[in-house]
Amino acid sequence: MLPVDLQILKYIFFEKPIYHYKIKPYLKWSHYQRLEEQLNEYKRDPRMIYQPLEELEYTIFDLETTGFIPEIGHEIISIGAVRIQGFSSCSRKTFHQVIRPIRPVNNQTLRLTGLTRERLNNASPFIDGFQNFLDYSEGSVLVAHPAKFDMRFLQAMLKRWKLPDYYPPVIDSHLLAQWLLPADKHQLDPLLKYFGIEKRDRHHALNDAIMTAELFRQLLYMTLNRHIETFGELDKILQKHKKAKQEK
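Residue numbering for the sequence shown follows UniProt numbering, starting at 1 and increasing by one per position.
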């Protein structure tokens, strides 16, 4: 594999123009125009910051990608999600969408995710997959572990497809775990073990989303026990914690 700096140059000068050429036909689709319009009109509900945490609806989601750096052309190839309200069961309202990539996917990624070339080739393009996710998660708070990775990837994909930015309300469960359990490891696997959560096959977007949802429920209990009651209160604390970490 090429060093990252060479991958960046390769993408900018060779692969990016080809990528844009390949997505150009999609930009004329009515699906694309609907998504563009919906993102342009998207606004957060200002009342959400006052809502009690146990009454909010959450969409806990996970992405499977072809790499870690969307800025050099890595893509989302599946989205898994679970929608819950407060402490409700994580077994209902699941979402799983495989997404057809523009660039070829290497064998290592196929082995890791369990996806096949045939399934990817027959999947929906990103604009349809993201539209389905947007419809599924409408009116909820997004949760991911860590959200900074997943949201960065979504934003980069939207930019690549020449779509408007998307800034929904988000809780980073990784950051929340750091605040609640400062002495522990905060990757998903150690936290699953800590809380005794059943471990499913990893690197499957829906499985990872279900496990993260079970973890988030435990973290939500701990948050309420610290007398943090509304989304606005929690968001303020997590932003403060994030800033303190950055200043260290």
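A virtual CB, placed ideally from N, CA and C, is assigned to each residue, including glycine.
- Distance between residue 204 and residue 114, taken at the CA atoms: about 8 Å.
- The C-beta distance from residue 97 to residue 137 rounds to 12 Å, too long to fall under 8 Å, and the pair is not in contact.
- The DSSP assignment places complete alpha helix (DSSP H) segments of no fewer than 4 residues inside the region 151-229 at 173-180, 188-195, 205-225, in order along the chain.
- For residue 110, the enclosing alpha helix (DSSP H) starts and ends at 107-113.
- With contacts defined as CB atoms closer than 7 Å, residue 140 and residue 229 fail to qualify as a contacting pair.
- Going by DSSP, residue 44 is part of no alpha helix (DSSP H) at all; its letter is neither H nor E.
- The alpha helix (DSSP H) runs of length 4 or more contained entirely in the region 68-100 do not exist; there are none.
- A distance below 8 Å between beta-carbons, with the five flanking residues on each side excluded, links residue 158 to the following residues of its chain, in chain order: 39, 130, 164, 165, 166.
- Within its own chain, the residues whose Cβ lies closer than 8 Å to the Cβ of residue 237, once the five positions on either side in sequence are excluded, are 179, 228, listed in chain order.
- When 32, 82, 172, 12 are compared, the shortest CA-CA separation from residue 151 is found for 172.
- Inter-residue distance for residue 72 and residue 7 is about 7 Å (C-alpha atoms, whole angstroms).
- For residue 105, the closest C-alpha among the options 122, 126, 77, 95 is that of 77.
- Residue nearest to residue 225 within the set 32, 53, 27 is 53 (criterion: CA-CA distance).
- Judged by their CB atoms, residue 188 and residue 145 are nearer to each other than the 7 Å cut-off.
- By the 16-neighbour rule on beta-carbons within 10 angstroms, residue 75 is buried.
- The residue among 4, 24, 3 with its C-alpha nearest the C-alpha of residue 160 is 24.
- For residue 15, the three-state secondary structure derived from DSSP is helix.
- Residue 60 is bridged by DSSP to 82, 143.
- In the three-state reduction of the DSSP assignment, residue 104 falls in the coil class, being assigned neither a helical nor a strand state.
- Residue 47 counts as exposed, since fewer than 16 other beta carbons sit within 10 angstroms of its beta carbon.
- Proximity to residue 14 across 143, 103, 154 peaks at 103, based on C-alpha coordinates.
- Inter-residue distance for residue 246 and residue 181 is about 18 Å (C-alpha atoms, whole angstroms).
- Distances from the alpha-carbon of residue 148 to those of 168, 135, 134, 127 put 168 closest.
- Only buried fits residue 109, as 16 or more other CB atoms lie within 10 angstroms of its CB.
- Relative to the Cα of residue 80, the nearest Cα in the group 86, 63, 223 belongs to 63.
- A distance below 7 Å between beta-carbons, with the five flanking residues on each side excluded, links residue 191 to the following residues of its chain, in chain order: 177, 215.
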